[in-house]
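Quick notes on the structure that follows.
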Amino acid sequence: MSARTAREADFITHDGETLFYRHWPATAPHCRGAVVLLHRGHEHSARVAHLVDELDLPDFAFFAWDARGHGRSPGARGYSPSAAASVRDLQTFVEHIRDTHGIAIEDMAVVGQSVGAVLAATWAHDYAPPIRALVVASPAFHIKLYVPFARPGLRLMHKLRGLFYVNSYVKPKFLTHDPERIASYASDPLITRPIAVNMLLDLHDTAQRIVADAAAITVPTQLLISGADWVVHRGPQDRFFERLGAARKERIVLPGFYHDTLGERDRAQALAPLRAFVLREFDAPSPRVSLADADRRGAFHDEYAALGRPPANVFARAYWALTRAGLKAGGALSDGIALGLRLGFDSGSTLDYVYRNRAQGRLGVGALIDRTYLDSPGWIGIRQRKVHLQELIGTAIGRLRGHGSPVRIVDIAAGHGRYVLDAIASAAERDGAAPDDITLRDYSPPNVEAGRVLIAQRGLEPIARFERGDAFDETSLATLEPRPTLAIVSGLYELFGENALIERSLRGLAQAVPPGGYLVYTGQPWHPQLEFIARALNNHRGEATWVMRRRSQAEMDELVARAGFRKLEQRIDEMGIFTVSLAQRVDAS
1 MSARTAREAD FITHDGETLF YRHWPATAPH CRGAVVLLHR GHEHSARVAH LVDELDLPDF
61 AFFAWDARGH GRSPGARGYS PSAAASVRDL QTFVEHIRDT HGIAIEDMAV VGQSVGAVLA
121 ATWAHDYAPP IRALVVASPA FHIKLYVPFA RPGLRLMHKL RGLFYVNSYV KPKFLTHDPE
181 RIASYASDPL ITRPIAVNML LDLHDTAQRI VADAAAITVP TQLLISGADW VVHRGPQDRF
241 FERLGAARKE RIVLPGFYHD TLGERDRAQA LAPLRAFVLR EFDAPSPRVS LADADRRGAF
301 HDEYAALGRP PANVFARAYW ALTRAGLKAG GALSDGIALG LRLGFDSGST LDYVYRNRAQ
361 GRLGVGALID RTYLDSPGWI GIRQRKVHLQ ELIGTAIGRL RGHGSPVRIV DIAAGHGRYV
421 LDAIASAAER DGAAPDDITL RDYSPPNVEA GRVLIAQRGL EPIARFERGD AFDETSLATL
481 EPRPTLAIVS GLYELFGENA LIERSLRGLA QAVPPGGYLV YTGQPWHPQL EFIARALNNH
541 RGEATWVMRR RSQAEMDELV ARAGFRKLEQ RIDEMGIFTV SLAQRVDAS
């Protein structure tokens, strides 16, 4: 077997950075798909090049990048703005492979090692790509930092000093038993020993989230564990595997292997099952896990049910009672908390207050309390969601104009409508043209009145109106006039756990939006304050507690696809809380 020759190329990622990658075309007459290789931290694509020939998959193309800040890709060595930015780099890379090399995402297998495995697992969780298979080797879910209290110390130093770099002092002899790889690692000028402190800490926090929520990952997954790993802890790897939501999953422990699992001296023991796993998913693909009934069974149903029950522990009950009392006291001073207590923390009025982001309160200290409230993780994420909504609404409007289609917009649960009117104004400034028609709807009379005031203030009465309407009334949505070419559902479906409601709403929109039209929808696959919300916050429906059932991105995307829409793009905030996606109505025929 002759060695394949790599072609060198680059792609422009989401923020305009140009990243380097290697491409090994399939050598067989027919290319069945692609294997995407993600290198370890500190390394680069040449360090995984041996896998192309050793895996012996001639009818597959291989791709391997130099991650941002590594190898021949630009940027400060070991730096990325965040783990989320690197995960979006991966999404952009896969889209580039699809668009440039003509390989569907459904025909890709992704193999990541160490930090590359964390990025791959996070991508599978956050973006729910329909890849054929995922392989994670020695994932760096919890790096061994041998200095006591290293992470708290690094967090404190990061706050005090800002950006700085931490050097890896792991010697290559503790990465692999392979003498050639030990020598090449030591002499390779492209090895990147430093890692930016923000990235080190962010990878750890992201990994904790992904391990805890691995049930959201449903693609066929193989986990390769090095049995004598000096670099990362094994416990989180096992927990990740046990929680995986995939119908087909494999865990293979390799006794005596060091951290460089796919570069070990006896790596044939790892590569044989890896190759078999990939081939099996192409020869006889595992049935896709359907999440349409996730509201009735499974991890997210069980979580929701547990949050709906009072805590069994008397101390926990006392803690949450004190928390609620503290909120009431805060509401006497903070305008934002008072608004949430009065109308619901999920109400349109609260959302509009969070968007405006101006701390207000009484007696001086009230504004400080309000600022702390407005800077909670959920509200920071909400404001980033608004940015992403504006971006994808603008993208949809641009696509419609590019095709010469009318721009007729409906938002079926607009709240006060501020975010959508801001997005429309931004797109109109870019395009030099206003939409043909804007219909905003909401079930709450106060929201409708507030929205009408906003429309009047912006002088949009000739093309815009605000109606009272039920976002779950299929007939009402299906008969919308004029027929919308862009439908928007933001922040609504997350508040209702029953999938039958969501499917009814989506069916109505699918009848209203013509083929080629667009849907912008949001999701909330994870929230760091889920229990706090359930135990301490009231909702707009007058319920004393606001218990939410999370939907994974895979579940939300499936419901949208079942209604007849094809997902095109997605955005997610850096904390992994809120997503915004753009889908296109496909022709049912």
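Counting from 1, one number per residue, gives the positions in the sequence shown under full-length UniProt numbering. Positions of the beta carbon are idealized from the N, C-alpha and C atoms, including for glycine. These numbers were taken from a predicted model, which means no experiment stands behind them.
Flag residue i as yes when its Cβ comes closer than 6 angstroms to any non-hydrogen atom of the ligand COA, and as no otherwise.
i	result
arginine 385	With respect to the ligand COA, the structure shown offers nothing to examine, as it has no ligands at all.
Give me, in chain order, the residues of the same chain whose beta-carbon lies closer than 6 angstroms to that of residue i; leave out the 5 immediate sequence neighbours on both sides.
i	result
methionine 556	Gly523
leucine 509	Leu477, Ala487
valine 48	Leu37, His39, Ala64
glutamate 494	Gln524
lysine 249	Thr221
arginine 251	Leu223, Phe241
proline 528	Pro377
leucine 440	Asp411, Ala414, Gly417, Gly451, Phe466
arginine 408	Asp436, Asp437, Pro482, Pro484, Thr485
Within its chain, find whatever has a CB closer than 7 angstroms to the CB of residue i; leave out the 5 residues flanking it on each side and keep chain order.
i	result
alanine 359	Ala367, Asp370, Arg371, Leu374
leucine 363	Leu333
proline 406	Asp436, Thr485
tyrosine 355	Arg383, Lys386, Arg418, Tyr419
alanine 536	Trp320, Thr323, Arg324, Leu327
glutamine 237	Pro139, Phe141, Leu223, Ile225
So residue i and residue j are supposed to be a Cβ contact under 8 angstroms. How far apart are they, rounded?
i	j	result
residue 590	isoleucine 502	Outside the displayed span of the chain (1 to 589) sits residue 590, for which this structure offers no information.
leucine 254	isoleucine 225	7 angstroms
leucine 333	glycine 361	5 angstroms
tryptophan 230	phenylalanine 174	4 angstroms
glycine 78	tyrosine 185	About 16 angstroms separates the two Cβ atoms, so there is no contact after all.
alanine 121	proline 139	6 angstroms
phenylalanine 300	alanine 306	That pair is no contact at about 11 angstroms.
alanine 338	glycine 331	4 angstroms
arginine 585	proline 514	7 angstroms
aspartate 213	glutamine 384	That pair is no contact at about 19 angstroms.
leucine 274	valine 94	Wrong, their Cβ atoms sit about 19 angstroms apart, outside the cutoff.
serine 45	glycine 71	6 angstroms
histidine 96	alanine 61	About 13 angstroms separates the two Cβ atoms, so there is no contact after all.
leucine 19	serine 73	5 angstroms
arginine 22	glutamate 8	6 angstroms
arginine 562	alanine 292	7 angstroms
alanine 117	aspartate 202	Actually they do not touch by this definition, with Cβ atoms about 16 angstroms apart.
Mark residue i as exposed unless 16 or more other C-beta atoms lie within 10 angstroms of its C-beta, in which case mark it buried.
i	result
glutamine 208	exposed
phenylalanine 315	exposed
glutamine 553	buried
glutamine 570	buried
residue 610	Residue 610 is absent from the structure shown; the chain starts at 1 and stops at 589.
leucine 154	buried
arginine 288	exposed
glycine 308	exposed
alanine 534	buried
methionine 199	buried
lysine 159	exposed
tyrosine 419	buried
histidine 14	exposed
isoleucine 12	exposed
threonine 5	exposed
asparagine 499	buried
arginine 550	buried
Spatial neighbours of residue i within its chain, please: C-beta separation below 8 angstroms, excluding the five flanking residues on both sides.
i	result
alanine 512	Val410, Leu477, Ala478, Thr479, Leu480, Arg483, Pro484, Ala487
isoleucine 463	Ala434, Pro435, Asp436, Asp437, Ile438
tyrosine 443	Ala413, Arg468, Gly469, Asp470, Ala471
Using a C-beta cutoff of 7 angstroms, does residue i count as contacting chain E?
i	result
phenylalanine 277	The question asks about chain E, but that chain is absent: this structure has only one protein chain.
Taking contact to mean 3 or more Cβ pairs, one atom from each stretch, closer than 8 angstroms, check whether the region 87-102 and the region 47-55 are in contact.
no
Could you name each continuous alpha helix (DSSP H) segment of 4 residues or more that falls completely within the region 385-458, going from the start of the chain to the end?
418-431, 445-457
Examine the Cβ distances between the region 522-530 and the region 574-582 and report whether three or more of them are shorter than 8 angstroms.
yes
Any alpha helix (DSSP H) of 4 or more consecutive residues that is wholly inside the region 287-354:
299-308, 314-331, 335-343
Restricting to runs no shorter than 3 residues, where is the beta strand (DSSP E) found entirely within the region 150-202?
165-167, 194-196
Within 8 angstroms, do at least three Cβ pairs link the region 386-403 to the region 411-426?
yes
Report yes or no: do the region 237-252 and the region 203-218 share at least 3 C-beta pairs separated by less than 8 angstroms?
yes
For the 8 angstroms Cβ check, are there 3 or more pairs between the region 101-110 and the region 30-39?
yes
Please determine if the region 62-81 and the region 136-153 are in contact, where contact requires at least 3 C-beta pairs separated by less than 8 angstroms.
no
With a threshold of 8 angstroms, are at least 3 pairs of Cβ atoms found where one atom belongs to the region 257-267 and the other to the region 167-186?
yes
Any contact between the region 192-210 and the region 267-285? By contact I mean 3 or more CB pairs, one from each, below 8 angstroms.
no
Does the structure place the region 342-351 close enough to the region 535-543 that three or more beta carbon pairs sit under 8 angstroms?
They touch, by the three-pair rule.
Unbroken beta strand (DSSP E) runs of length 3 or more, entirely within the region 455-479: which are they?
464-468
Which whole runs of the alpha helix (DSSP H) in the region 72-103 are 4 residues long or more, in chain order?
83-101
Secondary structure, alpha helix (DSSP H): runs of 4+ residues fully inside the region 517-583:
530-536, 553-563
Ordered list of alpha helix (DSSP H) runs contained in the region 20-72, each at least 4 residues:
50-54
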